[in-house]
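Participant: Residue numbering for the first sequence follows our numbering, beginning at -15 and increasing consecutively.
Just so it is clear, CB atoms sit at the ideal spot from N, CA and C, and this is done for glycine as well.
Have a look at this one before I ask anything.
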Amino acid sequence: MTLKDLADIMFPDVTLTVDEIEKRYPERDLEEGAEVTRFAPSPTGFVHMGSLLSAFQDFKLAKDTKGIFYLRIEDTDTLRTVENGISGIISDLANFDIYPDEGMISETESIGNYGPYIQSERKKIYHAYAKYLVEKGLAYPCFCSKESLDETRKIQELNKERIGYYGSYARCRTLSVDEAYEKIKNGEEFVVRFKSMGDFNNKITLNDRMRGKIEFPENDMDIVIIKSNDKLPTYHFAHAIDDHLMHTTTVMRGEEWIPSYPIHHDLFKTLGFKEPLYAHLGLVLKIDENGTRRKLSKRKDPEASVSFYHEKGIPPEATKLYLMTIANSNFEEWFLSNPTGKLTDFKMDFSKMSESGSLFDVEKLFNISKNYISRMTSQELYDKSLPWMEEYDKELFELMKKYSDYTKAIFNIERGGEKPRKDYASFSDIRGGIWYMYDELFKDVNYEYQKVTDIDEIKKILNLYFNEYYDINDDKDTWFSKMKEMTEKLGYASNMKDYKKNPENYKGNVADISTVIRVSITSRSQTPDLYEILKLLGIDRIKTRINMIK
RNA sequence: GGCCAGUUGGUGAAGUGGCUUAACACACUGCCCUUUCACGGCAGCAUUCAUGGGUCCGAAUCCCGUACUGGUCACCA
């Protein structure tokens, strides 16, 4: 029996040779310096904040360098794979304006010449390489049971030795070709393990694009490369094969991958592949109940999921700005000096990317979102919030649609210019800010009167104001001087400074008067500019609302 | 336990040996502006960079030890 015989019986279905495969994945024809990056999630449902961050950085790097960004689906863990998981990921990405140049574009379709882009469909390719390794004596079948592996582990723990399948613990490594062949022939289950030639006492160095040099002991673990039940590859093996064939130049991934670098290095070296560059991103953390930091978890933390922010009505662009600020330490400053700048104008710099995990700060996200929304035109705000309303606030959606011009005019109050009004951190804040503008919603309201609460006084003010002073055609200055005039007439102070000096001389001040009007017409003590509000509501609505006051 | 990473205010952080008695932003507090709220303006908020030692005329920045936090050691990615 030869290694060739063993390889044949292990992989009876392999028809392609490694050389043939290599020919199908030629070098990419790209400009000097162009980066090929990828986002490679498992289709477990939806995209997590941390993965979105890396997807966005990958996308950005490819765009910055006129390279290629592709989407590869890592579905080698069949247990975790979720129905329609791929379209979920694609739509989450699209929501953030991230479109792959290559790779999956729907549940089943892909674009690009370096596919298939779903790992489960690349089985033959992995098998061809695994077979090649077996033939070369660089991989072997392993028949160890779960139980015996557990036992080994216990012994290692007891002896305070390194845990794993290596050295004399790698029992199947020394099995003769004949023995292995016989076992397979008899139908014994096996995994394929990589035969590491590494030595734990040697050092290897990873030159991380963000972190610089990191030193490790060389890998000497005979890791599993092909699993027994479905014969799919493990992550490590698929990573080496795929990123080699697809010619990825830079792999960005979470720092939880740093420890497995020696394995990847070993694999690339043994297979004769050129290693990609790596950048290990800091994790996105949160503080849990015990006050300690931990990785945001998709399962435990609702705020980890990208859809959480969508539901809240945070514009995706704002989330993107936030992620940029936590991932790139120089981004915030850049953005402050280029508030209207396009994200594409910002150039990424690995040395400015943050290495330590950052706490996810919802307050900061809200602030960024608030600023972002305040810079929209009323038309933009209308267009972007409408679809959100359709999904989450049907009632307001209908009104916004029915009275579209009116709604846009409402949005336009104190919008535009140098210092726009900043009162919406999310689309879900809109209702609270404008509901009273619609008659349909202005029912059974609670009036939030402040200092003046006496109903007779209120009525007196309203009657005087709307019968003798208010004219919808007045410009703002005239409008306000009339307000002051009436204020004086009623025995209130029109000048705040005078009032502050001698409050006892007055019944109140002009602010109290406008508050009465504001509350009577809108029920709310806090609204945008009253002049604009009155004008927009129009005299008919105003009259109706005055009559509602009992 | 082994290996690896990280550690600058409540938070994100700037900082790469003297320009730092530590920038900027968020949050918070106070004042001012103001017809409400918001906006805006001003001020306050780390004498100190986890800690101990060392190098140096000089250290948040370089070196060594320690501590703490996180990650990882699967036929999960």
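Quick one: what does DSSP say His223 is sitting in, helix, strand or coil?
Facilitator: Three-state result, His223: helix.
Participant: Using DSSP's beta-bridge definition, name the partner residues of Phe53.
Facilitator: Paired residue(s): Thr21.
Participant: Three or more C-beta pairs closer than 8 Å, one from the stretch 258 to 269 and one from the stretch 230 to 239: is that the case here?
Facilitator: With the cut-off at 8 Å, the stretch 258 to 269 and the stretch 230 to 239 touch.
Participant: Quick check on DSSP: helix, strand or coil for Pro(-4)?
Facilitator: Reduced to three states, the DSSP call for Pro(-4) is coil.
Participant: Can you list the alpha helix (DSSP H) stretches of 4 or more residues lying completely in the stretch 145 to 210, in chain order?
Facilitator: Here the runs fully enclosed are 161 to 169.
Participant: Going along the chain, which residues of its own chain have a beta-carbon closer than 8 Å to the beta-carbon of Ser338, five neighbours each way excluded?
Facilitator: Only Gly266, Ile310, Ala311, Asn312 and Ser313 meet the Cβ criterion.
Participant: So the candidates are Asn457, Pro323 and Phe221; which of them puts its Cα closest to the Cα of Leu305?
Facilitator: Checked all of Asn457, Pro323 and Phe221; the closest Cα to Leu305 is Pro323.
Participant: So, helix, strand or coil for Lys270, using DSSP?
Facilitator: Here Lys270 sits in strand by DSSP.
Participant: Exposed or buried, what is Gln434 when buried is set at 16 or more other beta-carbons lying within 10 Å of its beta-carbon?
Facilitator: So Gln434 ends up on the exposed side.
Participant: How long is the line joining the alpha carbons of Ser362 and Asn396, rounded to whole angstroms?
Facilitator: Cα to Cα, the separation comes out at about 5 Å.
Participant: Looking only at its own chain, which residues have a Cβ that is under 6 Å from the Cβ of Glu173, when we skip the five neighbours before and after it?
Facilitator: Ser212.
Participant: If we call anything under 7 Å between Cβ atoms a contact, is Val175 one with Ala(-9)?
Facilitator: It is not a contact, given that the beta carbons lie outside the stated cut-off.
Participant: Counting only runs that start and end within the stretch 90 to 131, where is the beta strand (DSSP E) found for 3 or more residues in a row?
Facilitator: Runs of the beta strand (DSSP E) inside the stretch 90 to 131: 123 to 126.
Participant: Taking the C-alpha atoms as reference points, what is the distance between Ser509 and Lys460?
Facilitator: Rounded to whole angstroms, Ser509 to Lys460 spans 20 Å at the Cα level.
Participant: What are the complete alpha helix (DSSP H) segments, minimum 4 residues, inside the stretch 227 to 310?
Facilitator: Runs found: 245 to 255 and 290 to 296.
Participant: Are the beta-carbon atoms of Phe23 and Leu55 separated by less than 7 Å?
Facilitator: Taking 7 Å as the Cβ cut-off, Phe23 and Leu55 qualify as a contacting pair.
Participant: What are the residues that DSSP puts in a beta bridge with Asn312?
Facilitator: BP columns for Asn312 point to Met337.
Participant: Would you check if the stretch 32 to 42 and the stretch 2 to 10 touch, i.e. whether three or more CB-CB distances between them fall below 8 Å?
Facilitator: With a cut-off of 8 Å, the stretch 32 to 42 and the stretch 2 to 10 do not count as touching, because too few Cβ pairs lie within range.
Participant: What would DSSP say about Glu86, mapped onto helix, strand or coil?
Facilitator: Three-state result, Glu86: strand.
Participant: Would Val290 and Asp76 qualify as a contact pair, given that the criterion is a beta-carbon distance under 7 Å?
Facilitator: Contact flag set, yes.
Participant: By how many angstroms is the C-alpha of Leu(-13) removed from the C-alpha of His223?
Facilitator: Going from the Cα of His223 to the Cα of Leu(-13) covers about 25 Å.
Participant: Taking the C-alpha atoms as reference points, what is the distance between Leu229 and Tyr9?
Facilitator: C-alpha separation (whole angstroms): 6 Å.
Participant: Less than 6 Å between C-beta atoms, sequence neighbours within five positions excluded: which residues of the same chain meet that for Lys15?
Facilitator: Looking at the sequence provided, one finds Glu at residue 15 rather than Lys. Cβ within range, chain order: Lys50.
Participant: Report the three-state DSSP secondary structure of Leu343 (helix, strand or coil).
Facilitator: Leu343 falls in the strand class under three-state DSSP.
Participant: To the nearest angstrom, how far is the alpha carbon of Ile501 from that of Val494?
Facilitator: Using only the alpha carbons, I get a separation of about 11 Å.
Participant: Alpha carbon to alpha carbon, how far is Ala18 from Lys226? Give it in angstroms, no decimals.
Facilitator: Strictly speaking, residue 226 in this sequence is Asp, with Lys absent from that position. Approximately 19 Å between the Cα atoms of the pair.
Participant: Could you say which of Gly400, Ile357, Ile210 and Arg278 lies nearest to Ser410 if we only look at CA atoms?
Facilitator: Considering only alpha carbons, the answer is Ile357.
Participant: Taking the alpha-carbon positions, what's the Asn457 to Tyr490 distance?
Facilitator: Asn457 and Tyr490: Cα-Cα distance of roughly 30 Å.
Participant: With the cut-off set at 7 Å, would you say His111 and Val208 are in Cβ contact?
Facilitator: It is not a contact, given that the beta carbons lie outside the stated cut-off.
Participant: When you compare the CB positions of Ser507 and Ile533, do they come within less than 7 Å of one another, or not?
Facilitator: No, the Cβ-Cβ distance between Ser507 and Ile533 is not below 7 Å.
Participant: Is the stretch 378 to 389 touching the stretch 325 to 340 in the sense that three or more CB pairs, one from each, lie closer than 8 Å?
Facilitator: Result no; under three Cβ-Cβ pairs closer than 8 Å.
Participant: By DSSP, does Asn355 sit in helix, in strand, or in coil?
Facilitator: Helix.
Participant: Could you give the residue range of the alpha helix (DSSP H) that holds Asn479?
Facilitator: Taken as a continuous stretch (DSSP letters only), Asn479 belongs to no alpha helix (DSSP H), as it is neither H nor E.
Participant: Give the range of the alpha helix (DSSP H) segment to which Leu327 is assigned.
Facilitator: It is not in any alpha helix (DSSP H) - Leu327 carries neither H nor E in the DSSP assignment.
Participant: Pairing CB atoms from the stretch 363 to 379 with CB atoms from the stretch 389 to 403, are three or more of them under 8 Å?
Facilitator: Verdict: yes, contact present.
Participant: CB-CB under 6 Å to Phe257, same chain, minus the five flanking residues each way: which ones, in chain order?
Facilitator: Cβ neighbours of Phe257 beyond the five flanking positions: His228.
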